[in-house]
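Notes follow the structure.
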Amino acid sequence: MIGHQLWILNGMNQTYNEGESLIAVIEEVDIKQIAAQTNGYVDLRFTPASGEVVRERLTLSVQLAADVLESEVVAIRYNPGSAKSIVMTTTYDLHKRVIYSNLAMMGLSLLAVVVIAVGGTFFARRKEETLEFKEA
Numbered sequence: 000m001i002g003h004q005l006w007i008l009n010g011m012n013q014t015y016n017e018g019e020s021l022i023a024v025i026e027e028v029d030i031k032q033i034a035a036q037t038n039g040y041v042d043l044r045f046t047p048a049s050g051e052v053v054r055e056r057l058t059l060s061v062q063l064a065a066d067v068l069e070s071e072v073v074a075i076r077y078n079p080g081s082a083k084s085i086v087m088t089t090t091y092d093l094h095k096r097v098i099y100s101n102l103a104m105m106g107l108s109l110l111a112v113v114v115i116a117v118g119g120t121f122f123a124r125r126k127e128e129t130l131e132f133k134e135a
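Heads up, the sequence shown is in numbering that gives the first Met the number 0, so the first residue is 0 and it goes up one at a time.
Spelled out as structure tokens, the structure:
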């Protein structure tokens with residue numbers, strides 16, 4: 000998961016810094032409430048310098064979708080060679096903060112797992128040594 004988040008972050012940064020600046024038409028926005036999760040999507044249509052019309056559906060969390068709900072168009076950066084080929088400029092900073100938050104939570108979770116694993120191993124070895132000593 001950490002690798003995936005870093006891959007997406009790198010792709011976003013690459014597209015934002017090197018991508019073509021365009022205006023995309025928002026064809027449809029939908030936000031769905033499923034159990035305790037709220038997410039949605041936005042359908043974009045735009046024409047890059049290549050002249051070929053591109054239609055793309057981006058899935059978004061409700062925080063990111065909120066910025067585009069009332070709009071008919073959105074500014075984007077487009078880099079088809081990137082891991083994240085489309086970046087909406089209005090949601091770029093928020094999306095980066097979400098990724099950093101995810102990375103922090105995964106890092107803390109990994110640290111907790113390592114501490115528990117090392118502690119459990121230490122405890123088990125200690126217990127094993129005590130049992131071997133009693134048997135001898």
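C-beta: ideal position from N, C-alpha, C; glycine also. Predicted model, so just to flag it, every value in this text is computed and none were measured.
_Relative to the C-alpha of V61, which candidate in L102, V41, E127 and N78 has its C-alpha closest?_
Checked all of L102, V41, E127 and N78; the closest Cα to V61 is V41.
*Out of S84, V114 and G80, which has the shortest C-alpha to C-alpha gap to E55?*
S84
*For E55, the residue or residues it bridges with in DSSP*: L43
*Is the Cβ-Cβ distance between V28 and G39 less than 8 Å?*
Going by C-beta atoms, V28 is nearer than 8 Å to G39.
*asked:* Quick check on the burial criterion: 16 or more other C-beta atoms within 10 angstroms. Buried or exposed for I1?
replied: exposed
*Hey, could you find the ends of the alpha helix (DSSP H) M0 is sitting in?*
Boundaries for M0: no alpha helix (DSSP H) harbours it, and the DSSP string shows neither H nor E there.
*Taking only the alpha-carbon atoms, compute the straight-line gap between A82 and Y91 and give it to the nearest angstrom.*
15 Å
_Secondary structure of S84, DSSP reduced to three states_ = coil
_Sequence-distant residues of its chain with Cβ nearer than 6 Å to Q13 (five each side left out)_ = S81
*Please go through the region 72 to 124 and give each complete beta strand (DSSP E) segment of 3 or more residues, from N-terminal end onward.*
72 to 77 and 85 to 87
_Between the CA atoms of E127 and L93 - distance to the nearest angstrom_ = 50 Å
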